[in-house]
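Here's the structure, in structure tokens; my notes come after.
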Amino acid sequence: MILARSLLYLLSMVISTILLAGILSIIGWLLPYRQRCLIANAWGTVNLWSLKFFCRLDYRIEGLEKIPESGAIVLAKHQSAWETMALRSLLPPEQAWVLKRELMWVPFFGWAAATVQPIAIDRKAGRKAAKQVIETGIKRLAQNRLVVIFPEGTRVAPGQRKRYGMGGALLAEKTGAPIIPVAHNAGSFWKRRDIRKYPGTVTVIVGDPILTRDRKAAEINQEVENWIESQMEQIQPTK
Numbered sequence: 006m007i008l009a010r011s012l013l014y015l016l017s018m019v020i021s022t023i024l025l026a027g028i029l030s031i032i033g034w035l036l037p038y039r040q041r042c043l044i045a046n047a048w049g050t051v052n053l054w055s056l057k058f059f060c061r062l063d064y065r066i067e068g069l070e071k072i073p074e075s076g077a078i079v080l081a082k083h084q085s086a087w088e089t090m091a092l093r094s095l096l097p098p099e100q101a102w103v104l105k106r107e108l109m110w111v112p113f114f115g116w117a118a119a120t121v122q123p124i125a126i127d128r129k130a131g132r133k134a135a136k137q138v139i140e141t142g143i144k145r146l147a148q149n150r151l152v153v154i155f156p157e158g159t160r161v162a163p164g165q166r167k168r169y170g171m172g173g174a175l176l177a178e179k180t181g182a183p184i185i186p187v188a189h190n191a192g193s194f195w196k197r198r199d200i201r202k203y204p205g206t207v208t209v210i211v212g213d214p215i216l217t218r219d220r221k222a223a224e225i226n227q228e229v230e231n232w233i234e235s236q237m238e239q240i241q242p243t244k
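Heads up: the sequence shown begins at 6 in this note's numbering, then just goes up one per residue.
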């Protein structure tokens with residue numbers, strides 16, 4: 006039953022992506038930037054609803070009110086594809102995501118993503134990629150957008166940890182923008198390399214803004230990691 010429900014959800018996700026990403030791909034560049042973002046957010050919202058309808062996978066979020074409309078850096082735990090849709094839906098519309106460059110080549114999804122002006126990086130580029138995050142991130146913050154980053158860089162299975170990259174902390178050091186940390190346990194329900202989506206409720210915790218002005222990136226990054234991982238110890242279900 007879980008597999009059948011998951012396949013129905015997958016079909017609905019493909020359809021919603023083709024429809025909404027297709028609209029953005031074709032006419033997105035003609036629309037005001039905020040309108041493009043609202044369509045992108047609608048894609049996330051539709052998929053959250055579909056997950057609940059087909060897979061009985063819901064979510065609860067604490068602290069959403071702590072996220073400002075703009076001018077902040079969101080650093081979030083990365084366990085699955087769930088958070089890419091959920092954060093797109095739940096955060097204020099004008100977002101600049103740091104994502105791997107290869108995603109921009111995916112039909113429909115990548116073409117649509119280009120219209121909302123992400124920060125597409127080559128993860129293998131090392132310091133060059135971090136420099137791009139900083140330079141473009143400064144511009145996006147100045148444009149009153151939220152910069153959204155997964156500091157681990159890739160999906161990490163529940164119960165595991167990966168070194169937190171410095172890009173977001175360096176951007177904060179340069180700009181003094183506050184960091185909003187986000188922890189969640191989506192990987193317990195939407196596992197890596199598994200088509201099945203398990204029923205349950207994803208817990209999302211938004212932390213208090215971490216002030217960064219006149220602080221070094223290493224110190225900022227450590228505080229972010231400590232907060233997120235301490236939350237993970239509390240919300241990650243054990244099976």
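Every residue gets a Cβ at the ideal spot worked out from N, C-alpha and C, and that includes glycine.
Buried or exposed (CB count within 10 angstroms, at least 16 for buried), residue i
i	result
Pro186	buried
Pro123	buried
Ala223	exposed
Trp34	exposed
Val59	Residue 59 is actually Phe in this sequence, not Val. Buried: at least 16 other Cβ atoms inside 10 Å.
Pro231	Strictly speaking, residue 231 in this sequence is Asn, with Pro absent from that position. So Asn231 ends up on the exposed side.
Which listed residue (the options) has its alpha carbon closest to that of residue i
i	options	result
Ile78	Thr208, Asp219, Val152 and Pro214	Val152
Thr217	Ile210, Glu228 and Ser30	Glu228
Val63	Tyr38, Asn190, Gln122 and Ser235	Going by the sequence as given, residue 63 is Asp instead of Val. It is Asn190.
Val138	Ser55, Met171 and Ser17	Met171
Phe113	Ile210, Val19, Pro214 and Asn226	Val19
Glu51	Pro37, Ala9 and Leu15	The sequence as given places Val at residue 51; Glu does not occur at that position. Per the Cα distances, Leu15.
N- and C-terminal bounds of the alpha helix (DSSP H) containing residue i
i	result
Ile200	No alpha helix (DSSP H) holds Ile200; DSSP gives it neither H nor E.
Arg65	No alpha helix (DSSP H) contains Arg65, which is instead part of the beta strand (DSSP E) from Leu62 to Glu67.
Leu8	Ile7 to Ser21
Ala125	Per DSSP, Ala125 belongs to no alpha helix (DSSP H); it is in the beta strand (DSSP E), Ile124 to Ile126.
Beta carbon proximity, residue i to chain C, threshold 8 angstroms
i	result
Val79	Looking at the structure shown, chain C is missing, and only one protein chain is on hand.
Host beta strand (DSSP E) of residue i (start-end)
i	result
Leu160	What sits at residue 160 in the sequence shown is Arg, not Leu. Segment: none, Arg160 is in no beta strand (DSSP E) and carries neither H nor E.
Ala81	Ile78 to Ala81
Leu108	Looking at the DSSP string, Leu108 is not in any beta strand (DSSP E), and its letter there is neither H nor E.
Val187	Ile184 to His189
Assigned secondary structure, residue i (DSSP; H/G/I helix, E/B strand, else coil)
i	result
Gln40	helix
Thr208	strand
Leu92	helix
Ile233	helix
Val153	strand
Ile225	helix
Neighbourhood of residue i by C-beta distance below 7 angstroms, restricted to the same chain and skipping five residues each side
i	result
Arg197	Ser85, Arg160 and Ala162
Gly76	Leu146, Asn149 and Ala182
Cβ-based neighbour list, residue i, same chain, cut-off 8 angstroms, excluding 5 preceding and 5 following
i	result
Pro98	Arg39, Cys42, Leu43, Ala45 and Asn46
Ala134	Ile126, Asp127, Arg128 and Gly172
Cβ-based neighbour list, residue i, same chain, cut-off 6 angstroms, excluding 5 preceding and 5 following
i	result
Gly173	Ile78, Leu80, Ile154 and Pro156
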